[in-house]
Amino acid sequence: MPTFSVFPYRGRFAPSPTGLLHQGSLFCAMATWLDARAHDGTWLIRIEDIDPFRDIPGAGDAILRTLADFGLTSDEPVVRQSERLELYEAALKTLEDRHRAYGCACTSHEIKTEDVRLGLPAGVYPGTCRGGTHGRPVRSHRFLTEDRVITFTDRRLGRQEQNVEKAVGDFVLKRADGCWAYQLAVVVDDAAQGITDVVRGEDLLTSTARQIELQEALGYPTPRYLHIGLILGEDGEKLSKQRKAPEITSDDPLGLLEKLWPYFGFSPLGADTLDAFWKEAVRCWKARCA
Ligand code: GLU
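Okay, so the sequence shown: first residue is 216 according to this note's numbering, each after it adds one.
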């Protein structure tokens, strides 16, 4: 896991409050915090609460309380995406002005039918509304992708590449239900918060090329990326809030941290206190990054 000596490092943990913190998200929080501390950097928490249909009221605050019980508090005031909608609107306007976003009238049923007709992989947007909606009402807003390969080097997984137009098609920036899409909000906020290093689960690896193409279209810098391995449940599936992974309690923070630590490939620390655990964990993380 080679690292770089560009300072100042700014990293973030960005949970969606669609449920409470579970072991998988705590594992991700640990990685983001350790990487920030190992680089003498700043660590931020951003609550990604832009989906009122999936977010659970109060979950954001509960996540913050649990993180604090584990010794993890944001170095700067916590940012909530629900309070930043005008930033996403401004970014969409910029993309429209640059002819990199357009209104789309298609329903998901129409997209499915068109994919079959054209022999495209399921879910790839076929570009139907690129030339306008021909009087049909705009339902969503999409990013106009380019036919080129986006490459980046993940700090753990190495060189990655994706032609977003071919793999995903013009993806949604603002949904038909009026909600902002994760891809746009995350790119806008990473840039607005000056994030230099994104550390997150490898389930998001396939989103990264989309985010880089968006960053380039908006004139934002591209951060470094580290996608960590996921902790799997007993059924071999990713632990996630959607799959009702059990929420964690703050009964024994040290015990749980010690339990998760070996999943990073390190030997147990056997620390007596939370402070001692974190201090030793940062030392190990730093040695691995060196
Ligand atoms: N909010 C996303 C999640 O909870 C993570 C976003 C990111 O780290 O880019 O899965």
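Just so it is clear, CB atoms sit at the ideal spot from N, CA and C, and this is done for glycine as well.
Given the structure is predicted, the values throughout are model-derived calculations rather than measurements.
Three-state secondary structure (DSSP) of residue i
i	result
Gly-485	coil
Phe-219	Any reading at Phe-219 is ruled out, since the residue's pLDDT is 49, under 50, leaving its predicted position unreliable.
Glu-473	helix
His-510	Not covered by the structure: residue 510. The range shown for the chain is 216 to 505.
Gly-239	helix
Asp-362	coil
Ile-427	helix
Ile-278	helix
Val-402	helix
Thr-437	coil
Thr-348	coil
Tyr-478	helix
Arg-252	helix
Thr-421	helix
Asp-412	strand
Pro-329	A small fix is needed here, since residue 329 is Glu in this sequence, not Pro. Glu-329 falls in the helix class under three-state DSSP.
Glu-462	strand
Arg-503	helix
Thr-257	strand
Arg-269	coil
Arg-498	helix
Glu-228	Note that residue 228 is Phe in the sequence shown here, rather than Glu. Reduced to three states, the DSSP call for Phe-228 is strand.
Integer-rounded CB distance, given that residue j should sit under 8 Å from residue i
i	j	result
Pro-232	Ile-262	6 Å
Ile-446	Phe-242	5 Å
Leu-469	Ala-486	7 Å
Val-379	Ile-365	6 Å
Asp-385	Gly-342	6 Å
Residue-chain proximity (residue i, chain D), Cβ-Cβ < 9 Å
i	result
Gln-377	Judged by its chain identifiers, the structure shown contains no chain D, having just a single protein chain.
9 Å Cβ cutoff met for residue i and residue j
i	j	result
Gly-234	His-254	no
His-442	Gly-480	no
Ala-400	Arg-332	no
Leu-429	Val-387	no
Arg-390	Phe-358	no
Pro-436	Asp-412	no
Asp-392	Gln-426	no
Val-414	Asp-250	yes
Ile-265	Ser-297	yes
Ile-260	Leu-279	yes
Tyr-224	Thr-257	yes
Gly-440	Thr-360	Reading off the sequence shown, one finds Tyr at residue 440, where the question assumed Gly. Going by C-beta atoms, Tyr-440 is not nearer than 9 Å to Thr-360.
Ala-424	Arg-313	no
Pro-230	Ala-246	no
Lys-398	Val-294	What sits at residue 398 in the sequence shown is Gln, not Lys. No.
Gln-238	Ile-463	yes
Trp-493	Arg-252	yes
Touching by the beta-carbon criterion (3+ pairs, under 8 Å), the region 348-355 and the region 312-322
yes
At least three beta-carbon pairs within less than 8 Å, the region 280-296 to the region 364-383
no
In the region 367-395, which residue ranges form an unbroken beta strand (DSSP E) of at least 3 residues, counting only runs that do not cross its ends?
373-378, 387-389
Counting Cβ pairs, one atom from each stretch, are 3 or more of them under 8 Å apart for the region 467-476 and the region 268-276?
no
Length at least 3, wholly inside the region 292-320: the beta strand (DSSP E) runs in chain order:
316-319
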